[in-house]
Structure formats: structure tokens, C-alpha cells
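Numbering (the working numbering), first residue to last: 19 to 391.
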Amino acid sequence: MRRNRLGWILCVVGTLLLGLWGIVEALEGGAHGVPDSLARQAVLSDAASRAVLLDVTTAGSRVVAVGERGVIIYSDDKGKSWYQVPVPTSVSFTAVAFPTPRKGWAAGHGGLVLHSEDGGETWTKQLDGELAAKLAFETAQLKAQANPDDASARRQLVEAERLVQDGADKPFLDLAFVNEQRGFVVGAYGIMFRTEDGGRTWEPWMDRVDNPRGMHLNAIHLVGNTVYLAGEQGLFLRSTDGGERFIRLKTPYEGTYFTMAAGVSGEVLLAGLRGNAYWSTDQGDTFQPARVVIPVSLSAVAIGTHGTYYFANQAGFLLASHDGGRTIVPLPTPHLPPVAALLALGPDELLTVGVGGALPVSLGGAGAEGGAR
19 MRRNRLGWIL CVVGTLLLGL WGIVEALEGG AHGVPDSLAR QAVLSDAASR
69 AVLLDVTTAG SRVVAVGERG VIIYSDDKGK SWYQVPVPTS VSFTAVAFPT
119 PRKGWAAGHG GLVLHSEDGG ETWTKQLDGE LAAKLAFETA QLKAQANPDD
169 ASARRQLVEA ERLVQDGADK PFLDLAFVNE QRGFVVGAYG IMFRTEDGGR
219 TWEPWMDRVD NPRGMHLNAI HLVGNTVYLA GEQGLFLRST DGGERFIRLK
269 TPYEGTYFTM AAGVSGEVLL AGLRGNAYWS TDQGDTFQPA RVVIPVSLSA
319 VAIGTHGTYY FANQAGFLLA SHDGGRTIVP LPTPHLPPVA ALLALGPDEL
369 LTVGVGGALP VSLGGAGAEG GAR
């Protein structure tokens with residue numbers, strides 16, 4: 019399951035929700051309400067499952083979804099019924115991941131990272147934008163002092179000073195965990211942090227990424243010891259050493275990638291702006307264009323139980339590929355509100371989250387291997 023991050027919020031929310039999430043203000047430096055939202059508890063509501071939701075994942079057999087204004091909900095019956103949990107903040111969450119059925123993390127606006135140790139029923143704060151900026155500044159300052167003639171170290175110090183001045187206004191857009199100890203969180207303007215102790219401490223990781231222009235990191239995906247990053251202006255990076263160093267690889271497209279998927283046999287699929295999608299069978303060394311029937315920005319991708327790739331676009335259509343991403347065709351499913359994330363619950367059922375909240379979709383056999391093409 020991969021999700022669109024920044025681009026989906028900017029393109030869809032800006033036009034359909036009149037700035038409901040405030041991401042535009044955040045990226046323009048105008049997120050004056052972020053500190054208040056960080057400290058204000060999320061409002062509990064019976065209609066939480068119909069709120070704007072931005073990501074969904076599994077925690078064992080449980081489904082956990084997160085979204086705007088601090089909403090976190092879970093379901094133990096594959097999305098038929100939902101329960102909202104108390105959350106110590108009301109900023110919007112953009113990503114959630116559970117490497118184990120009990121331990122998980124959620125990240126979002128204000129540089130916020132929350133942690134759960136009980137399958138998503140309770141959450142505590144581990145990181146926010148002010149602490150993240152402080153950590154980045156301290157690390158960059160030490161590096162610049164140790165290497166006074168290093169232009170890269172001086173540039174990183176200037177960028178870290180700007181983070182401190184801006185305050186908690188940089189959103190995290192995605193996160194991924196190798197296990198319950200080691201994970202990464204990425205976001206706007208190239209921010210990236212890593213933890214090796216389950217989030218008790220976080221280390222700035224921007225100097226490990228070949229992204230000197232600080233372009234937004236919209237998606238991260240882990241496959242064994244390989245870590246992939248995708249973002250704006252054709253940005254695609256790969257680490258083959260567990261995330262110690264990320265090298266930029268060239269792709270055929272210079273527009274934004276919102277989402278991606280990858281498999282254990284070297285397959286990688288990137289998708290994004292204007293329906294552009296590209297597939298690789300060699301861990302991203304080379305890419306080929308997918309044939310996409312509907313030229314609308316792709317906002318989410320998930321891999322089904324039979325290896326089918328499922329997609330959502332910003333027009334609210336669901337699509338599928340049965341050939342590894344080479345052709346992407348519409349599914350005969352109802353037209354939906356814009357979808358932010360997908361979750362395959364079985365060969366014939368998807369769970370979507372987005373503007374319409376959490377919406378289960380029955381494929382009726384059309385999405386299964388060998389189904390409609």
C-alpha cells in the first residue's frame with residue numbers, strides 16, 4: 019500500500035475542500051495555527067469514519083486509518099464498523115504504519131510523529147516540528163564545526179537554521195518501519211529523520227539523501243535492505259544499504275510522483291501527476307512508461323493478494339494493472355470522492371480512504387487475477 023502525500027493534498031484539497039487541511043498555508047510559511055493544533059486534543063465524533071482520511075494500514079487483523087484534524091480510527095471487522103480513539107493533538111495525519119500488530123506510528127503536519135503500543139488504541143507524541151528543527155540544527159552545527167571548509171556542511175547548517183526560524187510548520191508526508199525499532203519519516207522540503215530505538219530518539223537524515231534542492235519527499239517504501247524514495251520533479255532515490263545512503267536515479271518523467279509500490283523481485287512502480295506511471299524490473303535502474311487509459315493524476319497504489327496493482331486517481335476512479343504496471347485500466351466500480359489511500363482486504367474487496375471517509379469497495383471479481391482487463 020502506497021499513498022500520495024503532498025501533491026494529493028495540494029491538488030485535491032485546495033480545490034474541493036477550500037483549504038480544509040491547511041497544507042497550502044503550511045508550505046507557504048503561514049501555518050500560524052500549527053502550535054495550537056499540536057497541543058489541542060482531537061475532537062471525538064460519531065462521524066469520524068466520514069471525516070477526511072489520508073492513510074490506512076493494517077495492524078495485524080485490525081485496520082487503522084488516520085486523517086485531518088487529528089482523527090485516528092480503527093476497525094476490527096474490515097471496515098464495517100469504526101472506533102475513534104483519543105489523540106493528544108488535532109493536526110492532520112498523513113501517514114500511518116504498523117510493523118507489528120501492536121506497535122505503530124502516525125505522522126503528519128507540524129512535524130509530528132505519534133507512537134502506539136496497543137494496536138492504535140492509545141497514542142503518545144515522540145517528535146514534533148520544533149524538536150525536529152532543534153535536532154537538525156544541532157547535528158548540522160557539529161558537522162559544520164568539524165568541517166569548516168565543507169560547502170555542503172555550511173549549506174546544511176543554513177537550512178537547519180531556517181527550520182528553527184520557521185518553527186513547526188513542515189509536514190511529514192510518509193513513514194516506513196523495518197521493524198519495531200528502526201524506521202524513517204519523510205516530508206516537505208526534503209526533511210527526513212531516522213530512528214533506531216522505536217522512536218525514543220530521532221536523528222536528522224537529510225545529509226544522507228542526494229536532494230540538494232530540498233524537494234518534497236512524498237513516499238517511502240522498504241523492500242528488505244532496499245529503501246526507495248519518490249517526490250516532486252521526477253525525484254526518485256534508492257538505498258541498497260538499509261537507508262545509510264540514498265542515491266538519486268534518473269527517471270523518464272520530470273513531474274511529481276505521488277505514490278509508489280515495489281516488490282521483492284526488483285519491480286518498482288512510480289505514479290503521479292497527470293496519470294503518468296512508470297515500471298521497472300531492475301530496482302529502478304531503468305523505467306518504462308505504463309499505458310494509462312485515464313490521464314488524471316494517480317493518488318494511490320496498493321498491491322492485491324494476487325499481485326494485481328490497484329490505483330486511485332484524483333477524479334475518484336479506481337484502476338488496476340494485471341501485468342506489473344504495464345497497462346492500467348479502469349475498474350467497473352462506482353465513482354468515488356477523491357481517494358488518498360487504498361488497502362486490499364482480499365481478492366475482491368478494497369478499502370479506500372479520502373474525502374469521503376472510509377469507503378469499502380466490492381470488486382465483484384473484476385479486480386482478481388484473471389478478471390476484467
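Where a beta carbon is used, it is the ideal one built from N, C-alpha and C, also for glycine.
Output the distance between the C-alpha atoms of E179 and G208, rounded to the nearest integer angstrom.
The straight-line gap from Cα to Cα measures roughly 15 Å.
Nonlocal neighbours in the same chain, by C-beta distance under 6 Å from K96, ignoring five residues either side
Only L363 meet the Cβ criterion.
Indicate the three-state DSSP secondary structure (helix, strand or coil) for Y207 in the structure shown.
When secondary structure is reduced to three states using DSSP, Y207 falls in the helix class.
Extent of the continuous alpha helix (DSSP H) run through Q174:
Note, Q174: alpha helix (DSSP H), 169-184.
Based on the DSSP output, what are the partners of Q102 in its beta bridges?
The secondary-structure analysis by DSSP pairs Q102 across a beta bridge with I91.
Just to confirm before moving on: does the CB-CB distance between A69 and V89 stay below 9 Å?
Yes, they are a contact pair.
Nearest-angstrom beta carbon gap, D225 and Q446 [assumed within contact, 8 Å]:
This structure leaves residue 446 out entirely; the chain is present only between 19 and 391.
Put F301 into one of helix, strand or coil per three-state DSSP.
As written in the sequence, residue 301 is Gln, which differs from the Phe given in the question. Of the three classes helix, strand and coil, the one that applies to Q301 here is coil, per DSSP.
With burial defined as no fewer than 16 other Cβ atoms inside 10 Å of the residue's Cβ, what is the status of H324: buried or exposed?
In the assembly as shown, H324 is an exposed residue. Its beta-carbon has fewer than 16 other beta-carbons within 10 Å.
Considering Cα atoms alone, identify which of E250, N294, G302, G242 is closest to V319.
Ranked by Cα distance from V319, the first of E250, N294, G302, G242 is N294.
Would you call the CB atoms of A308 and G343 closer than 9 Å?
Yes; because the gap between Cβ atoms is below 9 Å, this pair is in contact.
Rounded straight-line distance, which links the Cα of P166 to that of S317:
For S317 and P166, the distance between alpha carbons rounds to 43 Å.
G78 burial status per 10 Å Cβ neighbour count (16 or more: buried)
Per the 10 Å Cβ criterion, exposed.
Could you tell me if R256 is buried or exposed, where buried requires 16 or more neighbouring beta carbons within 10 angstroms of its beta carbon?
Within 10 angstroms of the beta-carbon of R256 lie 16 or more other beta-carbons, which makes it buried.
Rounding to the nearest angstrom, what Cα-Cα distance links Q191 and R87 in this structure?
Note on identity: in this sequence residue 191 is Leu, with Gln being the wrong assignment. Going by the C-alpha atoms only, they are around 15 Å apart.
Contacts around Y92, its chain only, beta-carbon distance under 8 Å, and the 5 residues preceding and following it disregarded
A77, R80, V81, V82, A83, W100, Y101, V103, G137, G138, E139.
Let me know if H340 comes out buried or exposed under the rule of 16 or more other beta-carbons within 10 Å of its beta-carbon.
With 16 or more other Cβ atoms within 10 Å, it is buried.
Please state the DSSP three-state secondary structure of H127.
The three-state reading of DSSP puts H127 in helix, counting H, G and I together.
In the DSSP assignment, find the unbroken alpha helix (DSSP H) run with L160 in it and report its ends.
Boundaries of the alpha helix (DSSP H) around L160: 147-164.
So the candidates are A359, V131, Q159; which of them puts its Cα closest to the Cα of E148?
Considering only alpha carbons, the answer is V131.
Which word fits N229, buried or exposed, when buried means at least 16 other C-beta atoms lie within 10 angstroms of its C-beta?
Per the 10 Å Cβ criterion, buried.
Just list the beta strand (DSSP E) runs in the stretch 226-312, keeping only unbroken ones of 3 residues or longer that don't cross its boundaries, in chain order.
Listed in chain order, the complete beta strand (DSSP E) runs (minimum 3 residues) inside the stretch 226-312 are 235-241, 244-249, 254-257, 275-280, 286-290, 295-298.
On a CA-only basis, which of T142, L354, Q59 is nearest F329? Give me that one, please.
When each option's Cα is compared against that of F329, the closest is L354.
Under a three-way DSSP split, which group does D54 fall into?
In the three-state reduction of the DSSP assignment, D54 falls in the helix class.
On the three-state DSSP scale, how would you describe E367?
If DSSP states are grouped into helix, strand and coil, E367 belongs with the strands.
By Cβ distance, which residues of its chain are closer than 7 Å to G284, with the 5 residues on each side in sequence left out?
For G284, the CB contacts under 7 Å within the same chain, skipping 5 residues up- and downstream, are T299, D300, Q301 in chain order.
When you compare the stretch 238-250 with the stretch 194-213, are there three or more beta-carbon pairs, one atom per stretch, that lie closer than 8 Å?
Three or more beta-carbon pairs drawn from the stretch 238-250 and the stretch 194-213 are found closer than 8 Å, and the two stretches are therefore classed as touching.
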